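Chains P and F supply the protein sequences, listed in that same order.
Everything in the first sequence is counted per this note's numbering, starting at 1 for the first residue and increasing by one.
Everything in the second sequence is counted per this note's numbering, starting at 1 for the first residue and increasing by one.
Accompanying notes for the structure given below.
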Amino acid sequence: MSSRPVRLAAIATAAGAFSALFGVGGGTIIVPLLVLWLGYDQREATGTSLAAICVIGLLAAAAQTAYGNVDFGKGVAIAAPAVVGVVAGTALQQRISEELVARAFAVLLVISAAILIF
Amino acid sequence: MDPLEVAGLIAIGLAAGVASGLLGIGGGVLFVPGLVIFLDEPQLRAVSTSLVAVVIVAVVGAWRQGSYGNVRLRDGLIVGALSPLGVLLGAVLANTVSERALELSFAAVQLYFAWTLLGRAGLPLRRATR
């Protein structure tokens, strides 16, 4: 594929499709494709992926709320410890090498693939 | 909730957040089982409810990464805004391809990405094949 906007559109389509089909998994598509297709470094790919997930999640949450499928209280309850975790996780990421981030991401991909297969 | 359930909820939420910040994912893969096991959400509803946590964590994570200079906001917003295209594609695929074939295809894509990322980073995989 040639141009940058086309590649971004393809990444968006792939991430949206996998999220819709499996309920989770957009990030496992966005991060590798930003690295492999757009030359992002590993840290930029994870940061930009989170920005994309804000929008993807908002759109999906709005749709599911309209269907009455969302329990906000429970969502916020599990998000509370996760907010502490994400601040720690981003801080940790700045202190380890790009290679280690890539290696950890590969482990995530293998675990995610195993869950799908078995 | 008994104290053990509270501890479990905190542990799995914390793990989802760390994974999200470290790896740039939404964390749904941990939020969904956490909601089912510790907050008694039914499986299907848990996927929808997890989106609330995903948005909260992604906003905080993107803000922190932005402060470290790691967010290309324009690209991220384009990917997010165009993602509904994929939801349409997903609906078409779900109606034309068997669920098992979709699962195995997604797994194959993820394994390919794992292999390629490791190779690019000059990690043991590539050294072993040189």
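Built from N, CA and C at the ideal position, the CB exists for glycine as well.
Note that the structure is a prediction, hence the values are computed from the model and not measured.
How should Val31 of chain P be labelled, buried or exposed, when 16 other C-beta atoms within 10 angstroms of its C-beta is the threshold for buried?
So Val31 of chain P ends up on the buried side.
Between the C-alpha atoms of Val84 of chain P and Val59 of chain F, what's the straight-line distance to the nearest angstrom?
Those two C-alpha atoms are separated by around 13 Å.
Would you say Arg43 of chain P faces chain F, with C-beta separation under 8 Å as the test?
Judged by the 8 Å Cβ criterion, Arg43 of chain P is in contact with chain F.
Among F:Arg45, F:Ser48 and F:Val57, which one has its Cα closest to the Cα of Ala19 of chain F?
Answer by Cα proximity: F:Val57.
Starting from the Cα of Leu104 of chain F, find the closest Cα among P:Leu21, P:Ile11 and P:Thr13 and give me that residue.
It is P:Leu21.
Can you tell which of F:Gly90, F:Leu73 and F:Val52 has its C-alpha closest to the C-alpha of Lys74 of chain P?
Of the listed residues, the one whose Cα sits closest to Lys74 of chain P is F:Val52.
Closest by CA to Pro5 of chain P, which one among P:Leu34, P:Val86, P:Phe72 and P:Thr28?
Per the Cα distances, P:Leu34.
Say whether chain F places a C-beta atom closer than 8 Å to the C-beta of Ala66 of chain P.
Not closer than 8 Å to any Cβ of chain F, the Cβ of Ala66 of chain P fails to qualify, so no.
Is Ile10 of chain F close to chain P, meaning its C-beta is less than 8 Å from at least one C-beta of that chain?
Closer than 8 Å: yes.
Which value, in whole angstroms, describes the spacing of the CA atoms of Trp63 of chain F and Leu9 of chain F?
In a straight line, the C-alpha of Trp63 of chain F is about 24 Å away from that of Leu9 of chain F.
Give a yes or no on whether 8 Å exceeds the smallest Cβ distance from Pro84 of chain F to chain P.
Cβ-Cβ to chain P under 8 Å: yes for Pro84 of chain F.
In the DSSP assignment, find the alpha helix (DSSP H) that holds Tyr68 of chain F and state where it starts and stops.
Neither: Tyr68 of chain F is in no alpha helix (DSSP H) and is coded neither H nor E.
Between the alpha carbons of Val32 of chain F and Gly69 of chain F, how many angstroms are there, rounded?
So the alpha carbons of these two residues sit roughly 30 Å apart.
At 4 residues or longer, what runs of the alpha helix (DSSP H) sit wholly inside the stretch 11 to 40 of chain P?
Complete alpha helix (DSSP H) runs here, min 4: 26 to 38.
Among the candidates F:Asn95, F:Glu99 and F:Gly90, whose CA atom is the shortest distance from the CA of Ala15 of chain P?
Ranking F:Asn95, F:Glu99 and F:Gly90 by Cα distance to Ala15 of chain P puts F:Gly90 first.
Looking at the secondary structure, which residues open and close the alpha helix (DSSP H) in which Ile37 of chain F lies?
Gly28 to Phe38 is the extent of the alpha helix (DSSP H) around Ile37 of chain F.
Is any beta-carbon of chain P found at less than 8 Å from that of Asp2 of chain F?
It does not; no Cβ of chain P falls within 8 Å.
Rounded to whole angstroms, how far is the Cβ of Gln93 of chain P from the Cβ of Val101 of chain P, which I believe are closer than 8 Å?
That belief holds up - the Cβ atoms of Gln93 of chain P and Val101 of chain P are roughly 6 Å apart, short of 8 Å.
Our contact map puts Gly26 of chain P next to Val71 of chain F with C-beta atoms below 8 Å; I'd like the distance itself, whole angstroms only.
Wrong, their Cβ atoms sit about 16 Å apart, outside the cutoff.
Check whether the stretch 48 to 65 of chain P and the stretch 43 to 51 of chain F touch, using three or more Cβ-Cβ pairs below 8 Å as the test.
With a cut-off of 8 Å, the stretch 43 to 51 of chain F and the stretch 48 to 65 of chain P count as touching, because enough Cβ pairs lie within range.
Cβ closer than 7 Å: which chain P residues qualify as neighbours of Ser48 of chain F?
Within chain P, the residues near Ser48 of chain F are Gln64, Asn69 and Val70.
What's the gap between the Cα of Arg130 of chain F and the Cα of Ala114 of chain P?
At Arg130 of chain F, the pLDDT of 40 sits below 50, so the modelled position is not reliable; the number obtained from the coordinates is stated separately. Taking the straight line from one Cα to the other gives about 27 Å.
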